[in-house]
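Structural data, given as C-alpha cells:
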C-alpha cells in the first residue's frame, strides 16, 4: 500500500469511528497512532507520544483560547444579553419584524464578547424568545432569526474558531480578527435585511411593537456601555497592536468578570460554574487539537496533502473549481458535524492544497480570504438540516414550535448567507480591506 | 458548545461521586490558576503601559501555566462527557447499541491514557537529564510532567468507571 492509499484508508477508518460515536479527538488519535504504526514503525509512534502533547500545548498563541472561553462564560453571567437586546429593541422594535431584527443585533453584540455560536444563540434566545412570543411573532421567524443570529458568534471577533483557524494555518491571529470584521457586519446587516423582506411578504409573521421614547432609548444605551467598553478595548487594542490576542483576552476576561460581579450579581456559585464550563470546553478543544496533531503527523508522513496538491496543480484544474469542491465538502459535512470539529479536521488537510494552487494572491491574503470563507461555510452548516445544531438548541428552548417550522424559518437567512459567500469569493477585497488598511 | 447540549445528571453511586468530586476539585484549581495567569497578564500590561516597568517573563509564565491548566481540566471534561461526538448516524439507533459503542470508546480512551502515561513518564526522565528550560525565567520543562501524569492517572479510573456505567446501562 502506498502512502497516499494509506492516507485515504486512514480517512475512511476515521469516518467509520466517528459514525460509531467515538469522540472526535479519540478517533483522530486512534487513526493517527494506528497509521503511524502502519506506515512508519512502533518506534516513531512511541517517540512522538513522549513529548508531543507538551510541546503542542506550550504555545503562547493557544493560551488565548481558555481566556476567551472564560470571558464568554462571564459574559453569560453579566446580563449583557438582556442589555444588548433591550437597547437594540428600543431602536428597532417599532418596525415590522423589528423585534427579530433586535435579536439579530443583540446576537452581533453578544458575539463580539462571546466566541461561540451555540452560546450566543442560547443566551440571546433566553431574553428574546419571550418578547417575540408576547408580540405574536410566528415560531418560524422567531426561531429562525435567533438560530441564524447565533452564527454571528463565530464570525465577529474575538472568536475561538478564528484563533484555531489561525493556529492551524500557521498564520497571524490579529490578521484573521481584522479580516473577519467586515464579513461579520455584512452578515448581521444581511440577516436584518432578510427579516425586512420576510415581513414585507408575510406581514402577520412579525408585527410591529411599540415605539420607544428617546428617553428610553438613551437609558437603554447607557446600560450597554460595559459591553462597548470591553469590545473597544479588546478588539481596538488587538487591532492597534497594543495587545497580543492573549493579552486582549486576559483584559477582556477580567473586565467581563468584574462586570458580572458588580452588575450581573455573580457570586461564588456563578464563578465556580464559569470555571467548570471553561474547564470542560477547554479540555475538549485541546484534546481535539492534540488529536489533529497526531493525525497530521500520520498524514504528513504519508505525504497525502502534498501529493494531492501537486496532483491537482498538474492536472490543470482551475483553482476556483477546487475551492468550490472544498466548499461543497464543508457544507455537506457541516450538516453532520459541529463547526469546531470540522475546522479541526479539514483545515489542516485543505490549507496545504490551497497553498499549493495559484490564486494570484500573497500567502497572508490567501490565508485570511480562505479561512474566512471556510468559517462562514462551516457556520452555515449550523443552521442547515438535518443537524443544524443552532436550530436544535433554539427550537428546544421555544415551546410548541415544530422543528420543521424552525428549519423553514432559517431559509431566508440561508439565502443571504449564500449571496454573501458568493460575494466574498468573487471579491477578495472585501475580506482583505481591513487587514490592508491596518497594516499600513 | 457541549456544556449546553449534554443532558448529564451527576452520578449516584459512591465511586462516581468520588471521581466527580476529585475531578471537579482539579478543574476548579485549574480555573483559579487560569484566573491567576489572566491577572498576571493584566498587571503586566498596566505596569508597562502606565509605569514603564517591563516584566520579561510574561509570555513564558502564561504559556507554561496554560499547559498545567489544560492538564488539570482534562479529568473533569472526561467525567462529564464533554468530548464532542458525531451522533447523527446513531440518533435513531437502539439505546443498547449506543451504550455498547460508548462503552467501547471509553475503553479505548482508558487504553490511550495508559499508553500516554507510560510514554510521558519516559519523556519526563529525558527532559530531566536534558534540563530543557524556558529562555528567560529558566522554568524547567519537566516540572509540568508530574502534573500531567497525576491527571492521567485519574483519567484511567474515570474511563474504566464510564465503561462500567455504560455496560450496566445496557444490561438494565
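Chains as they are written, first to last, in the working numbering: chain A, 1 to 440; chain B, 441 to 612. Every residue gets a Cβ at the ideal spot worked out from N, C-alpha and C, and that includes glycine. It should be emphasised that the depicted structure is a prediction, and the values quoted were computed from it without experimental measurement.
Simplified DSSP state of residue i, which is helix, strand or coil
i                     : result
residue 573 (chain B) : strand
residue 580 (chain B) : strand
residue 243 (chain A) : coil
residue 198 (chain A) : helix
residue 603 (chain B) : helix
residue 336 (chain A) : coil
residue 417 (chain A) : helix
residue 523 (chain B) : coil
residue 486 (chain B) : helix
residue 292 (chain A) : helix
residue 113 (chain A) : coil
residue 531 (chain B) : coil
residue 135 (chain A) : coil
residue 593 (chain B) : helix
residue 479 (chain B) : helix
residue 398 (chain A) : coil
residue 387 (chain A) : coil
Supposed contact pair residue j and residue i - C-beta distance, whole angstroms, cut 8 Å
i                     : j                     : result
residue 88 (chain A)  : residue 102 (chain A) : 4 Å
residue 286 (chain A) : residue 57 (chain A)  : 7 Å
residue 48 (chain A)  : residue 36 (chain A)  : 7 Å
residue 459 (chain B) : residue 514 (chain B) : Residue 459 (chain B) to residue 514 (chain B), Cβ: 13 Å. No contact.
residue 67 (chain A)  : residue 478 (chain B) : 6 Å
residue 24 (chain A)  : residue 525 (chain B) : 7 Å
residue 33 (chain A)  : residue 294 (chain A) : 6 Å
residue 108 (chain A) : residue 188 (chain A) : 4 Å
residue 140 (chain A) : residue 408 (chain A) : 5 Å
Minimum Cβ-Cβ distance from residue i to chain A less than 8 Å
i                     : result
residue 527 (chain B) : yes
residue 584 (chain B) : yes
residue 467 (chain B) : yes
residue 560 (chain B) : yes
residue 524 (chain B) : yes
residue 542 (chain B) : yes
residue 538 (chain B) : yes
residue 476 (chain B) : no
residue 616 (chain B) : Any property of residue 616 (chain B) remains undetermined from this structure, which presents chain B solely from 441 to 612.
residue 547 (chain B) : no
residue 481 (chain B) : yes
CB contact check: residue i to chain B, cutoff 8 Å
i                     : result
residue 66 (chain A)  : yes
residue 384 (chain A) : no
residue 272 (chain A) : yes
residue 22 (chain A)  : yes
residue 164 (chain A) : no
residue 19 (chain A)  : yes
residue 254 (chain A) : yes
residue 29 (chain A)  : yes
residue 387 (chain A) : yes
residue 246 (chain A) : yes
residue 9 (chain A)   : no
residue 25 (chain A)  : yes
residue 63 (chain A)  : yes
Heavy atom of the ligand MN within 7 Å of residue i beta-carbon
i                     : result
residue 242 (chain A) : Judged by which ligands are present, the structure shown has none, so any question about the ligand MN falls away.
In chain order, what are the residue ranges of uninterrupted alpha helix (DSSP H) at least 4 long that sit wholly in the region 450-475 of chain B? Those alpha helix (DSSP H) runs which fall completely within the region 450-475 of chain B and span 4+ residues do not exist here.
Anything in the region 483-517 of chain B with a Cβ closer than 9 Å to a Cβ of chain A? List those residues in chain order, please. Those would be 484, 485, 489, 498, 499, 500, 502, 503, 504, 505, 506, 507, 509, 510, 511, 512, 513, 514, 515, 516 and 517, in chain order.
Which runs of the alpha helix (DSSP H), 4 residues or longer, sit entirely within the region 341-384 of chain A? As far as the region 341-384 of chain A is concerned, its whole alpha helix (DSSP H) runs of at least 4 residues are 363-381.
Anything in the region 308-341 of chain A with a Cβ closer than 9 Å to a Cβ of chain B? List those residues in chain order, please. Residues 335, 336, 337, 338, 340 and 341.
Residues from the region 48-60 of chain A in contact with chain B, defined by Cβ distance under 8 Å: Taking a C-beta cut-off of 8 Å against chain B, the contacting residues of the region 48-60 of chain A are 49, 50, 51, 53, 54, 57, 58, 59 and 60, listed in chain order.
Contact set between the region 577-610 of chain B and chain A, restricted to residues whose Cβ is under 9 Å from the partner: Here the close residues are 581, 584, 585 and 588.
Go through the region 139-227 of chain A residue by residue and report every complete run of the alpha helix (DSSP H) that reaches 4 residues or more, in order. The DSSP assignment places complete alpha helix (DSSP H) segments of no fewer than 4 residues inside the region 139-227 of chain A at 139-150, 152-155, 160-168, 173-201 and 214-223, in order along the chain.
Residues in the region 447-463 of chain B having any Cβ partner in chain A nearer than 7 Å: Residues passing the 7 Å Cβ filter: none.
Residues of the region 112-145 of chain A with a CB closer than 8 Å to any CB of chain B: list them in chain order, please. For the region 112-145 of chain A, the set of positions with a beta-carbon nearer than 8 Å to some beta-carbon of chain B reads 116, 118, 119 and 122 in chain order.
Please list the segments of the beta strand (DSSP E) lying wholly inside the region 2-56 of chain A, counting only runs of 3 or more residues, in order along the chain. Annotation note: the region 2-56 of chain A contains no uninterrupted beta strand (DSSP E) run of length 3 or greater.
If the cut-off is 7 Å on Cβ atoms, which residues from the region 272-290 of chain A count as contacting chain B, listed in chain order? Listed by position along the chain: 272, 275, 276, 277, 278, 279, 280, 281, 282, 283, 284, 286 and 287.
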